[in-house]
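Per my numbering, the sequence shown runs over residues 1 to 163.
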Amino acid sequence: FRLKNYLETMPKDQQMDAAAYAELKKKRQFKKFQYRGIELEGLLDLSNEELARLVPARPRRRFQRGLKRKPMALIKKLRKAKKGVEVGEKPACIKTHLRNMIVVPEMIGSIVGIHNGKQFNAVEIKGEMIGYYLGEFSMTYKPVRHGKAGIGATKSSRFIPLK
Numbered sequence: 001f002r003l004k005n006y007l008e009t010m011p012k013d014q015q016m017d018a019a020a021y022a023e024l025k026k027k028r029q030f031k032k033f034q035y036r037g038i039e040l041e042g043l044l045d046l047s048n049e050e051l052a053r054l055v056p057a058r059p060r061r062r063f064q065r066g067l068k069r070k071p072m073a074l075i076k077k078l079r080k081a082k083k084g085v086e087v088g089e090k091p092a093c094i095k096t097h098l099r100n101m102i103v104v105p106e107m108i109g110s111i112v113g114i115h116n117g118k119q120f121n122a123v124e125i126k127g128e129m130i131g132y133y134l135g136e137f138s139m140t141y142k143p144v145r146h147g148k149a150g151i152g153a154t155k156s157s158r159f160i161p162l163k
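Encoded structure:
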């Protein structure tokens with residue numbers, strides 16, 4: 001509504017430019033995701049050795065020592081969940097205790113239930129998570145909420161009259 005009023009108050013020769021601008025604004029351009037200068041399609045084509053060169057030192061060491069049986073089983077389950085889903089819908093949540101699993105590009109778009117010691121927290125894997133551990137997205141503790149001090153917590157609380 002405001003844009004329409006703004007367009008009406010402008011001179012005729014500038015109205016076309018503003019109208020064209022409004023039309024362009026409707027077609028929203030989303031920023032393409034890149035990890036270390038490589039777009040998502042390129043990341044999906046990388047082998048484990050090539051991906052290892054892009055990630056920081058600790059995950060790189062883990063890749064060089066080889067992906068073991070359990071992480072590969074998780075990736076296999078995530079593939080299967082993604083395959084049976086229509087375009088535009090989210091895949092089923094795959095539960096895991098593998099908090100030390102490194103997020104790889106193949107996992108993007110999947111929903112993983114990460115165990116925090118008590119329950120499974122559903123996390124949707126996004127591109128920005130590549131190279132991080134799954135455990136970083138599921139807190140194992142509940143942050144302390146400091147309230148009022150209890151009896152005996154301070155020196156002055158000892159001298160409360162008991163009526």
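No residue lacks a Cβ here, since even glycine has one placed at the ideal position from N, Cα and C.
Excluding sequence positions up to five away, which residues of its chain have a Cβ less than 8 Å from the Cβ of Phe-63?
Asn-48, Glu-49, Leu-51, Ala-52, Val-55 and Ile-102
Whose C-alpha, out of Lys-148, Pro-59 and Ile-108, is nearest the C-alpha of Ala-81?
Ile-108
Glu-106, DSSP secondary structure in three states
helix
On the criterion of 16 or more Cβ atoms from any shown chain inside 10 Å, does Tyr-141 qualify as buried, or is it exposed?
exposed
Nearest-angstrom Cα distance between Pro-105 and Val-123?
15 Å
Please give me, in chain order, every unbroken run of the beta strand (DSSP E) with length at least 3 that falls completely inside the segment 50 to 97.
93 to 96
Within the present structure, is the beta-carbon of Cys-93 separated from the nearest heavy atom of the ligand SAH by less than 6 Å?
The model depicted lacks the ligand SAH and carries no ligand whatsoever.
Give me, in chain order, the residues of the same chain whose beta-carbon lies closer than 6 Å to that of Phe-1; leave out the 5 immediate sequence neighbours on both sides.
Residue placement at Phe-1 is poorly supported in this model, since its pLDDT is 49, which falls under 50; the coordinates still yield a value, given next. Closer than 6 Å at the Cβ level, and outside the excluded window around Phe-1, lies no residue.
Taking the CB atoms as reference points, tell me whether Asn-100 and Tyr-132 lie closer together than 7 Å.
no
Between the C-alpha atoms of Leu-40 and Lys-148, what's the straight-line distance to the nearest angstrom?
50 Å
Cβ-based neighbour list, Gly-113, same chain, cut-off 6 Å, excluding 5 preceding and 5 following
Cys-93, Lys-95, Phe-120 and Ala-122
By Cβ distance below 8 Å, which residues in the same chain neighbour Gln-130 in space, the five residues on each side in sequence not counted?
Reading the sequence as shown, one finds Ile at residue 130 and not Gln. Answer for Ile-130: Tyr-35, Leu-43, Val-55, Val-103, Val-104, Pro-105 and Ile-108, listed in chain order.
For Gly-113, the residue or residues it bridges with in DSSP:
Lys-95 and Ala-122
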